[in-house]
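>
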Amino acid sequence: MEFAALSSATQLGTFNPLRISLQNPTQHNPLPFRYASFPSSSPRVCSCKAILSTHTPTSTHKMFGPHSVDFELSALTALSPLDGRYWGKVKELAPYLSEYGLIYFRVLVEIKWLVQLSLIPEIVEVPSFSESAKSFLQGVIDDFSVDDALEVKNIERVTNHDVKAVEYFLKQKCQSNAEVAKVLEFFHFACTSEDINNLAHALMLKETMNSVMFPVMDKIVKALCDMAKDNAHVPMLSRTHGQPASPTTLGKELAIFAVRLSRERKDLSQIEILGKFAGAVGNYNAHVVAYPNVNWPRVAEQFVHSLGLSFNPYVAQIETHDYMAKLFHSLIQFNNILIDFDRDVWGYISLGYFKQITKAGEIGSSTMPHKVNPIDFENSEGNLGVANGGLSHLSMKLPISRWQRDLTDSTVLRNMGVGIGHSLLAYKSTLQGMGKLQVNEARLREDLNQCWEVLAEPIQTVMRRYGVPEPYEKLKELTRGRTVNKESIRDFIEGLDIPEESKINLLKLTPDTYVGAAVELARTVENAVNIVNGSNI
Numbered sequence: 001m002e003f004a005a006l007s008s009a010t011q012l013g014t015f016n017p018l019r020i021s022l023q024n025p026t027q028h029n030p031l032p033f034r035y036a037s038f039p040s041s042s043p044r045v046c047s048c049k050a051i052l053s054t055h056t057p058t059s060t061h062k063m064f065g066p067h068s069v070d071f072e073l074s075a076l077t078a079l080s081p082l083d084g085r086y087w088g089k090v091k092e093l094a095p096y097l098s099e100y101g102l103i104y105f106r107v108l109v110e111i112k113w114l115v116q117l118s119l120i121p122e123i124v125e126v127p128s129f130s131e132s133a134k135s136f137l138q139g140v141i142d143d144f145s146v147d148d149a150l151e152v153k154n155i156e157r158v159t160n161h162d163v164k165a166v167e168y169f170l171k172q173k174c175q176s177n178a179e180v181a182k183v184l185e186f187f188h189f190a191c192t193s194e195d196i197n198n199l200a201h202a203l204m205l206k207e208t209m210n211s212v213m214f215p216v217m218d219k220i221v222k223a224l225c226d227m228a229k230d231n232a233h234v235p236m237l238s239r240t241h242g243q244p245a246s247p248t249t250l251g252k253e254l255a256i257f258a259v260r261l262s263r264e265r266k267d268l269s270q271i272e273i274l275g276k277f278a279g280a281v282g283n284y285n286a287h288v289v290a291y292p293n294v295n296w297p298r299v300a301e302q303f304v305h306s307l308g309l310s311f312n313p314y315v316a317q318i319e320t321h322d323y324m325a326k327l328f329h330s331l332i333q334f335n336n337i338l339i340d341f342d343r344d345v346w347g348y349i350s351l352g353y354f355k356q357i358t359k360a361g362e363i364g365s366s367t368m369p370h371k372v373n374p375i376d377f378e379n380s381e382g383n384l385g386v387a388n389g390g391l392s393h394l395s396m397k398l399p400i401s402r403w404q405r406d407l408t409d410s411t412v413l414r415n416m417g418v419g420i421g422h423s424l425l426a427y428k429s430t431l432q433g434m435g436k437l438q439v440n441e442a443r444l445r446e447d448l449n450q451c452w453e454v455l456a457e458p459i460q461t462v463m464r465r466y467g468v469p470e471p472y473e474k475l476k477e478l479t480r481g482r483t484v485n486k487e488s489i490r491d492f493i494e495g496l497d498i499p500e501e502s503k504i505n506l507l508k509l510t511p512d513t514y515v516g517a518a519v520e521l522a523r524t525v526e527n528a529v530n531i532v533n534g535s536n537i
């Protein structure tokens, strides 16, 4: 079927691509275009074409799709699948990376700064708060609700400024406390919006990693260690360049990923989360004019440290975001390693090395009833790609800001939850997939028994030891491009001019026993992970 539109303006009227659709031209056409048939030289080519008509839609004519519906936000109408289809798997990020989370941490920073001011002797206008006043302020933080966040958004509709809306919210909220009400104008004192924002974003990331991401990463590493130890002894044919290579064990190959991921997890945990609190351009300009006798750089450093963050003293209006770039790059690397794992397991399932435990009622294919697809690993790989795309942009864009600042980082930072959310979704998919895996040892041994040529490596190595001329070349002639089996290998060994003890040892070798130190490497993987983490457990 081809589509064709008449070129004449009088024939077309106003062109609306939404009005073009496929219909059977022999049937009644309910849509506002007509069909014309053109002769064709080939009976195999459909000659039907759609031509937009000048007919104007009426109430009886409906367009494709619910174009006139005014949607409300829900799981079905959300533009991001994280907020719709996958919400149940990522919702634990919402307290930290949502708009609510951002507002909550802004409120926390504003209140903590007011309390900090009350501790500075030179600022007599803000005397030390009583325990009752401190308890009241802490209660505003602890009891901060979605309704409170909605009130901030209502104020923002008037101010058209999100941080100023937080300040006004706090002034309203604290009027009921006589002690705090006397110092309301010291909310947001000497602050630029970015003083509040950068600390809020830092706390969002810190809590996200500590409360959500690190625990799931640790589950993946633990699951890999357990699988590696359980399958330490299970021999497996290696494949380099997709071709049979020296045998290994399934457990040792899983152990590699456990150690790789644990290194990246450790690197992530060691990244300093930085904060600044130095005013409009990083020089404490307004602070020094208002209270010249206060050591403002020292106060700012103490304040940032009190929030559990590291202090960045050299900044312009914004914190430079270099630590964010490092954090997001490290997340990308963790994700890349997990993609490597997902693809390897996908391949092992394809080879039959793993079976997948089926779930009653689950369907693998809409047309092929027998299918049990590796959907969890495919879902993980896809989401890791989406995550890395977003995280890559964050890590490359955020350290760049024109002169003392531009606003491009603001809208970008609102997307931290996208890359992290898709990462979390992927991690859970991988864990779910791992839980369905069942090792098929018979299939693994079948592959090994068909590849006796892999013993060419140890044989030629022993021949080298005893000075047998051209050992590599002799094994190449025996094995390359030829069918090799147990008998041909044994005959070759029997004919070697090497000590009898070495000959006996070679004759004992089989593809499933030629695994070197793989078993021990897999069994001790937990020790290796603990060493990476600096633990002696």
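Here the sequence shown is numbered in full-length UniProt numbering, starting from 1 and rising by one per residue.
We put the beta carbon where it would ideally sit given N, CA and C, even for glycine.
Just so we're clear, the structure is a prediction, and the values are computed from it rather than from any experiment.
Assuming residue 223 and residue 523 are in contact, meaning their beta carbons sit under 8 Å apart, how far apart are those beta carbons, in whole angstroms?
For this step, residue 223 is matched to residue 223 along the sequence shown. For this step, residue 523 is matched to residue 523 along the sequence shown. Actually they are not in contact, since the Cβ atoms of residue 223 and residue 523 sit about 16 Å apart, beyond 8 Å.
> Nearest by alpha-carbon distance to residue 472: which of 481, 461, 482 is it?
Within the sequence shown, residue 472 is the residue found at index 472, counting from 1. Of 481, 461, 482, the residue nearest in Cα terms is 461.
> Where does residue 309 sit, in a helix, a strand or coil, going by DSSP?
One-based indexing of the sequence shown puts residue 309 at position 309. Three-state result, residue 309: coil.
> Keeping to the same chain, check which residues put their C-beta closer than 8 Å to that of residue 430; ignore five residues upstream and five downstream.
For the purposes of this step, residue 430 is taken as the residue at position 430 of the sequence shown. Cβ within range, chain order: 220, 338, 341, 342, 376, 377, 380.
> Assign residue 404 to one of three DSSP states: helix, strand, or coil.
As a first step, residue 404 is located in the sequence shown; it is residue number 404 there, counting from the start. Three-state result, residue 404: coil.
> Could you have a look at residue 412 and say whether DSSP puts it in helix, strand or coil?
Residue mapping note: residue 412 aligns to position 412 of the sequence shown, counting from 1. In this structure, residue 412 counts as helix in the three-state DSSP scheme.
> Helix, strand or coil for residue 317? Go by DSSP, reduced to three states.
Mapped onto the sequence shown, residue 317 falls at position 317. Looking at residue 317 - three-state DSSP - the assignment turns out to be coil, as it is neither helix nor strand.
> I need the straight-line Cα distance from residue 120 to residue 143, nearest angstrom please.
Residue 120 sits at position 120 when you count from the first residue of the sequence shown. Residue 143 sits at position 143 when you count from the first residue of the sequence shown. Spanning the two alpha carbons is a distance of roughly 27 Å.
> Along the chain, where does the beta strand (DSSP E) that runs through residue 236 open and close?
Numbered from its first residue, the sequence shown carries residue 236 at position 236. Where residue 236 is concerned, the enclosing beta strand (DSSP E) stretches over 235-240.
> Span of the beta strand (DSSP E) holding residue 439?
As a first step, residue 439 is located in the sequence shown; it is residue number 439 there, counting from the start. Where residue 439 is concerned, the enclosing beta strand (DSSP E) stretches over 437-439.
> With DSSP as the reference, please indicate the residues paired to residue 243 in a beta bridge.
As a position in the sequence shown, residue 243 is number 243, starting the count at 1. Residue 243 is bridged to 240.
> Mind checking residue 427: buried by the 16 CB within 10 Å criterion, or exposed?
Here residue 427 refers to the residue found at position 427 when the sequence shown is read from its first residue. Residue 427 is buried by the Cβ-count criterion.
> Across the segment 523-532 and the segment 491-499, are there enough close Cβ pairs to call them in contact, namely three or more that are closer than 8 Å?
The answer is no - the segment 491-499 does not touch the segment 523-532, with fewer than three Cβ pairs under 8 Å.
> May I have the straight-line CA-CA distance separating residue 604 from residue 97, to the nearest angstrom?
The structure shown does not extend to residue 604, since the chain spans only 1 to 537, so no value can be given for it.
> Just to confirm before moving on: does the CB-CB distance between residue 312 and residue 274 stay below 7 Å?
The residue you call residue 312 lines up with position 312 of the sequence shown. The residue you call residue 274 lines up with position 274 of the sequence shown. Cβ distance < 7 Å, so residue 312 and residue 274 count as in contact.
> Give the C-beta separation of residue 114 and residue 186 to the nearest angstrom, bearing in mind that I take them to be a contact with Cβ-Cβ under 8 Å.
The residue labelled residue 114 in the question sits at position 114 within the sequence shown. The residue labelled residue 186 in the question sits at position 186 within the sequence shown. Contact flag correct, Cβ pair sits at about 6 Å.
> According to DSSP, is residue 274 part of a helix, a strand, or is it coil?
As a working mapping, residue 274 is identified with position 274 in the sequence shown. It is a strand residue.
> Is it right to say residue 107 is buried, meaning 16 or more other beta carbons lie within 10 angstroms of its own, or is it exposed?
As a working note, residue 107 is residue 107 in the sequence shown. Counting Cβ neighbours within 10 Å, residue 107 comes out buried, since at least 16 surround it.
> Give a yes or no on contact between the segment 304-322 and the segment 284-294, applying the rule of three or more CB pairs nearer than 8 Å.
No contact exists between the segment 304-322 and the segment 284-294.
> May I ask you to list the residues that DSSP assigns as paired with residue 356?
The residue you call residue 356 lines up with position 356 of the sequence shown. According to DSSP, residue 356 bridges with 437.
> Is the beta carbon of residue 382 closer than 7 Å to that of residue 419?
Counted from its first residue, the sequence shown places residue 419 at position 419. Counted from its first residue, the sequence shown places residue 382 at position 382. Their beta carbons are not under 7 Å apart, which means residue 419 does not touch residue 382 by this criterion.
> Quick one: what does DSSP say residue 524 is sitting in, helix, strand or coil?
Along the sequence shown, one-based indexing puts residue 524 at 524. If DSSP states are grouped into helix, strand and coil, residue 524 belongs with coil.
> Report the option in 315, 424, 499, 350 whose CA atom is closest to the CA atom of residue 444.
Residue 444 sits at position 444 when you count from the first residue of the sequence shown. Measuring from the Cα of residue 444, the nearest candidate turns out to be 350.
> For residue 540, which residues of its own chain have a beta-carbon under 8 Å away from its beta-carbon, when the five flanking residues on both sides are left out?
Because the chain here runs from 1 to 537, residue 540 falls outside it and cannot be looked at.
> Determine, using beta-carbon pairs with one atom in the segment 205-217 and one in the segment 514-522, whether at least three such pairs fall under 8 Å.
In short, these stretches do not touch, since the Cβ pair count stays below three.
> Exposed or buried, residue 116, counting other C-beta atoms within 10 Å across all chains shown (16 or more means buried)?
Numbered from its first residue, the sequence shown carries residue 116 at position 116. Result: buried.
> Taking 7 Å as the threshold (C-beta atoms), are residue 248 and residue 262 in contact?
Along the sequence shown, read from residue 1 onward, the residue named residue 262 stands at position 262. Along the sequence shown, read from residue 1 onward, the residue named residue 248 stands at position 248. No, they are not a contact pair.
> Short check: CB of residue 244 to CB of residue 372, under 7 Å?
Locating residue 244 in the sequence shown gives position 244, where the first residue counts as 1. Locating residue 372 in the sequence shown gives position 372, where the first residue counts as 1. Contact: no.
> Below 6 Å CB to CB, which residues in the same chain sit around residue 437 once its five sequence neighbours on both sides are set aside?
On the sequence shown, residue 437 is found 437 positions in, with the first residue counted as 1. Excluding residues within five positions, the ones whose Cβ falls inside 6 Å are 354.
> Determine the direct distance from the alpha carbon of residue 357 to that of residue 53, and round the result to whole angstroms.
As a working note, residue 53 is residue 53 in the sequence shown. As a working note, residue 357 is residue 357 in the sequence shown. Its pLDDT being 46, under 50, residue 53 is placed unreliably in this model, and the value from its coordinates should be taken loosely. Going by the C-alpha atoms only, they are around 56 Å apart.
> Note down, in chain order, each residue of its chain lying with its Cβ closer than 6 Å to the Cβ of residue 562, except the 5 sequence neighbours on either side.
Outside the shown range of the chain (1 to 537) lies residue 562, about which nothing can therefore be said.
> Report the rounded CA-to-CA distance for residue 95 versus residue 208, giving the unit in angstroms.
Translated into the one-based positions of the sequence shown, residue 95 becomes position 95. Translated into the one-based positions of the sequence shown, residue 208 becomes position 208. C-alpha separation (whole angstroms): 9 Å.
> Alpha carbon to alpha carbon, how far is residue 226 from residue 434?
Along the sequence shown, one-based indexing puts residue 226 at 226. Along the sequence shown, one-based indexing puts residue 434 at 434. Roughly 11 Å separates the two Cα atoms.
> On the criterion of 16 or more Cβ atoms from any shown chain inside 10 Å, does residue 103 qualify as buried, or is it exposed?
Position 103 of the sequence shown, counting from 1, holds the residue named residue 103. Label assigned to residue 103: buried.
> Counting only the same chain and skipping the five closest in sequence on each side, list residues whose C-beta sits under 8 Å from that of residue 45.
By 1-based counting over the sequence shown, the position of residue 45 is 45. Confidence at residue 45 is low in this model, with a pLDDT of 45, below 50, so the placement of that residue should be treated as unreliable; the coordinate-derived value is given next. Contacts found: none.
> Just grab the DSSP bridge partners of residue 248 for me.
Locating residue 248 in the sequence shown gives position 248, counting from the first residue. In DSSP, residue 248 forms a bridge with 236.
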